[in-house]
Structure formats: structure tokens, C-alpha cells
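Q: This structure is in C-alpha cells; I'll ask about it shortly.
Right, here's the structure in full:
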């Protein structure tokens, strides 16, 4: 038998053996997940609801907070000049002269005076109007003096926009801000409320959302399309997730009722992938939209994906919701990462989706697309690699999150906004090892003053005791001498 014949027989045997293998063994092994460009292997983003920076951190030490002379007029005065640059270090474009919307209540009673910022004594307020028309009225071509008027014109509580909370009410958030990085130039991406801002969060653009969800859903490219194509893991975790609720049942008006009487729309608006047909109809994409309970399972099992978007439900802080409940929820998500193996390679971004109708004093710069920026929102960057205890005044918006993802996992930009945005990486420092976590304390005042006051109290008690002892010792000879004199006087003569 020739060597050529033997070679053919051997090749045939190999081919036959391969064809007998199960299909799973014949399939190509999955490619390894691309390594990130930095030490951040896990990005987590929680998008809470409806608060401005001044509403939550307007009195935070060292931040660009509420001006001491702030007082919002009850009657609107149109203004064309730009406010003083000292009130905002954000780069600005000459603001487009936006018309003040026609009031919903055209026969408003005359109003005089102004309303000053005040501390909110309760943990919740009425829900201020926070649509695009109200936002433009509050902005008033850059004068930033229409926050009270915007609510009066819609028969809402005119005092609500000027209220704020502080470290007494939000100790967990304030302690995270104190121990990590607080961004005081983080703007919402668009005027108005949740829908458009959430589209910027996932797609870097409005994506045709101005009139709500279009018939047939959204079709724009999202950051999750980019990650999926690159083989980078991701998930969208949704609190109290109901898979039956998508844009389809909203448009057909057949959505089931939510537990507790809540509407179905927030789940779809706040988790915008549920309004994209391909994410609902493609199993490889749909499997990554999961209930929040999976988040804790993934942390426990060490299977947290590279990119995690977290969507709230009952704990969103959306007015009139209790802000304490919301901050407890947000802090629990953060501390769960701190306790996990993912901490040493993580970056957690905690922010809010829009202004909620509340006052903020910093003028947002305006971009050519006319969608925004909207007003500032709270944002805290939490990581073992951040420059701790700092305030970051870099200009950011939600597309800055996309920019970081694109840079870190080497995927292409989606739109002009994310391509030109500042990345949230500016406060990361990878020169040293990952720092251990600092868990947020339950009481902000205690963190700031208790150790010092305790020391002072103990020292005061100690000093008082020592002083009494010294007085007693010094007084002892005089007491004895006086006693002898009294005894001498009482002797019988």
C-alpha cells in the first residue's frame, strides 16, 4: 500500500471521527471577552429620578451650590443678557432665544416678591411639572429665573422648586459624595423629562423620542448593540421587572397593572430597551434584560457583566416618593458591590435622569442639536481608583458614560454627542493598587463632628475633675486652719 493511499485513509478516518462528535463540540469555542483599556472591568450605572444638583447637594461643602442671594421671582421677567459668568464655569454657547411657553393658566393672579431656597422638612414633596415647556420657562433664555413661574403657570405648588435636602436627609448620598467623587457639572442631556434623557443614556441621541415612543418602537443604534457586536458582556437590571410590559402593550393599551397601583409606562420609559423591537425579538439581546434580583446573584457568583445599567421602580426617588427610601436603595446597590469580588475592578456611577421641576442655578450650555443640555443633576463616582474626597467640575452629561464605555472597551461612537463628550474617566487614578471600600455612614453629621465633640466632652469632664481635685487640695490647709480657730474660740475661758 502506497504512502499516498495511507494518507488518504488517515484523513478519511479523521473526518469521520469529527462528524461523529456532537454539534456542541464541533461548534467554535466562544471568543474570550475583550480586555478593557483600563483597570475598570465592571461599570455600573444607576439612573434614579427627578432631582437637580442644587436640590440634593446645593449646600454641600465646597461644591458650586445655591447662591446666598438666590430668590426666584413669582412673576416672570424676561431676560435677554446671559447671567454672570461667575455663576457658571461651564462652557457656554450663546443661548438660543427660546420663547416662554404660554401659561396653562393664562389668568394668573398678580404676584409680587420672590421665593428663597429653603430646607424641606419632609422626605417628599408634590411632583413639580418637569416637562420640556416648563424647563424652557425655568431657563428663560439663560436668565434662570422662571422656576417658580413655570409651576404657577401650571397650577402646581410654586414653592416646591425652591426646596432642597441636605446631609440630614440624605446622609448616605452625602457620605458617598464626601468619600468619593461628587460631580458638580453633570448635566442632563436634554430639556424636560425622562423619555429623551433615557434615550441619550443608551443611544447618545434623542432617537425620535420627542413625541413619545414611535409606532413600531425605536430603531436607533444603542451602546448595547456596540457591546454585543464586540463580545463585551452587559445587562440591564430592572427593579420589579414585569416582562409583559413593553412598548407594544403600551401602544395597544393592554398592559397589566403594576403591583401597588403604579402605571406600566415608567418601566418602558426608564428601561428604554423595552421600546426597541430587536431587543425584544432577538434572544441573544433579550436575555440580558433581567430582574434586579439577578444583580445580587451575579455579584455573589462572580458573574457581574462588564457593563450594568440599573433601572429603579418603587425606589426611584421620583416625587412624591420618599427620598430616604431611594437613597437606601441606591446605597444598598453600591455597598453590595463593595462587599463583592468585583469591587477591585469596578466603577459605580450614581445619577438622576432629569431636573424634576426643581431649581438649579448653573446655566446649562446649549448645543447645536437644540435638545440640551438640560439642568444639572446629582452624580457620584464610586470606585477603588477615584481620587477620593474630591469635587469634579468637568462638564459631563449622560453621553459621558457612553464615551467611557467606548474608550474602555474600544467600541465605536454612536453619535456626535458621545463622540465629543468628556469621559467620566477624568477622576480615575490607576497608579496605585485598588483602595479598600469606605462604607457610607448612616449619619452625615456624626461623621463630620461626632469624633471631635466626643473628644472635647471627655477632655472637658477630665479637666473639670482635675480642677475640682486641685481646688480641694488647695483648700484643705485653709479648711484645717479655720477649723482650729473655731475650736480655739469655743474653749471655755
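Residue numbers (the numbering used here): 27 to 519. Backbone N, C-alpha and C define an ideal beta-carbon position, used for all residues, glycine too.
Thinking just about the alpha-carbon of each residue, which of 363, 174, 219 is nearest to the one in residue 381?
A: Position 355 of the chain shown, counted from the first residue, corresponds to residue 381. Measuring from the Cα of residue 381, the nearest candidate turns out to be 219.
Q: Assuming contact is defined by CB atoms lying nearer than 8 Å, are residue 402 and residue 206 in contact in what I supplied?
A: For the purposes of this step, residue 402 is taken as residue 376 along the chain shown, with counting starting at 1. For the purposes of this step, residue 206 is taken as residue 180 along the chain shown, with counting starting at 1. Not a contact, by the Cβ cut-off of 8 Å.
Q: Could you give the DSSP three-state label for residue 442: helix, strand or coil?
A: Within the chain shown, residue 442 is the residue found at index 416, counting from 1. In this structure, residue 442 counts as helix in the three-state DSSP scheme.
Q: Could you compute how far the alpha carbon of residue 89 sits from the alpha carbon of residue 417?
A: Within the chain shown, numbered from 1, the residue matching residue 89 stands at position 63. Within the chain shown, numbered from 1, the residue matching residue 417 stands at position 391. Roughly 7 Å between the two C-alpha positions.
Q: So is residue 36 buried or exposed if we call it buried at 16+ other beta carbons inside 10 Å?
A: Residue mapping note: residue 36 aligns to position 10 of the chain shown, counting from 1. Residue placement at residue 36 is flagged as unreliable, the pLDDT there being 46, under the threshold of 50; the coordinate-derived value follows with that caveat. Looking at its Cβ environment, which holds fewer than 16 other Cβ atoms inside 10 Å, residue 36 is exposed.
Q: Looking only at its chain, what residues have a beta carbon closer than 6 Å to the beta carbon of residue 255, apart from the 5 residues adjacent to it on each side?
A: Counting from one through the chain shown, the residue named residue 255 turns up at place 229. Excluding residues within five positions, none has a Cβ falling inside 6 Å.
Q: Would you call the stretch 66–76 in contact with the stretch 326–344, where contact means no fewer than 3 C-beta pairs closer than 8 Å?
A: Yes, the stretch 66–76 touches the stretch 326–344.
Q: Could you compute how far the alpha carbon of residue 440 sits from the alpha carbon of residue 139?
A: The residue you call residue 440 lines up with position 414 of the chain shown. The residue you call residue 139 lines up with position 113 of the chain shown. If you take the alpha carbons of residue 440 and residue 139, they lie about 47 Å apart.
Q: Between residue 341 and the rest of its own chain, which residues show a CB-CB distance below 7 Å, the 5 nearest in sequence each way excluded?
A: Translated into positions along the chain shown, residue 341 becomes position 315. These residues qualify, in order along the chain: 265, 351, 352, 355.
Q: Report the start-end ranges of each alpha helix (DSSP H) in the stretch 312–378 that is 4 residues or longer and not cut off at the edges.
A: Complete alpha helix (DSSP H) runs here, min 4: 319–327, 349–364.
Q: Where do the ends of the alpha helix (DSSP H) carrying residue 307 lie?
A: Taking the first residue of the chain shown as 1, we reach residue 307 at position 281. Here the alpha helix (DSSP H) through residue 307 covers 303–307.
Q: If I measure Cβ to Cβ from residue 203 and keep anything under 6 Å in the same chain, skipping five residues before and after, which residues do I get?
A: Working through the chain shown from its first residue, we reach residue 203 at position 177. Excluding positions up to five away in sequence, the list reads 406.
Q: Given that a residue counts as buried once 16 or more other Cβ atoms are within 10 Å of its Cβ, and exposed if not, what is residue 456?
A: What you label residue 456 is simply residue 430 of the chain shown in a count that begins at 1. Exposed, since its Cβ has fewer than 16 Cβ neighbours within 10 Å.
Q: Tell me whether the beta-carbon of residue 186 lies closer than 8 Å to the beta-carbon of residue 383.
A: Along the chain shown, one-based indexing puts residue 186 at 160. Along the chain shown, one-based indexing puts residue 383 at 357. Contact: yes.
Q: Considering only the alpha carbon of each residue, which of 466, 438, 464, 442 lies closest to residue 249?
A: Reading the chain shown from its first residue, position 223 is the one you call residue 249. Looking at the Cα atoms, 438 is the closest of the given residues.
Q: By Cβ distance, which residues of its chain are closer than 6 Å to residue 313, with the 5 residues on each side in sequence left out?
A: Taking the chain shown and counting its residues from 1, one reaches residue 313 at position 287. Once the five neighbours on either side are set aside, residue 313 has no close Cβ partner at all.
Q: Counting only the same chain and skipping the five closest in sequence on each side, list residues whose C-beta sits under 6 Å from that of residue 102.
A: Counting from one through the chain shown, the residue named residue 102 turns up at place 76. Counting only Cβ-Cβ distances below 6 Å, and skipping sequence neighbours, we find 172, 175.
Q: Taking the alpha carbon of residue 293 as the reference point, which residue from 271, 246, 192, 304 has its own alpha carbon closest?
A: The residue given as residue 293 occupies position 267 in the chain shown. Among 271, 246, 192, 304, the Cα nearest to that of residue 293 belongs to 271.
Q: Assuming contact is defined by CB atoms lying nearer than 8 Å, are residue 237 and residue 301 in contact in what I supplied?
A: Here residue 237 corresponds to residue number 211 of the chain shown, with the count starting at 1. Here residue 301 corresponds to residue number 275 of the chain shown, with the count starting at 1. Going by C-beta atoms, residue 237 is not nearer than 8 Å to residue 301.
Q: For the pair the stretch 211–228 and the stretch 421–436, tell me if three or more CB-CB distances fall below 8 Å.
A: As far as the Cβ criterion goes, the stretch 211–228 touches the stretch 421–436, which means the pair count is three or higher.
Q: Take residue 110 and list the residues in its own chain whose beta-carbon comes closer than 8 Å to its own, dropping the five residues that flank it on each side.
A: Here residue 110 refers to the residue found at position 84 when the chain shown is read from its first residue. Since pLDDT at residue 110 reaches only 33, below the 50 mark, its modelled position is unreliable, and no value is offered.
Q: What three-state label does DSSP hand residue 168 in the structure shown?
A: Here residue 168 refers to the residue found at position 142 of the chain shown. Helix, per DSSP.
Q: What are the boundary residues of the alpha helix (DSSP H) that residue 224 is part of?
A: By 1-based counting over the chain shown, the position of residue 224 is 198. Residue 224 -> alpha helix (DSSP H) spans 220–229.
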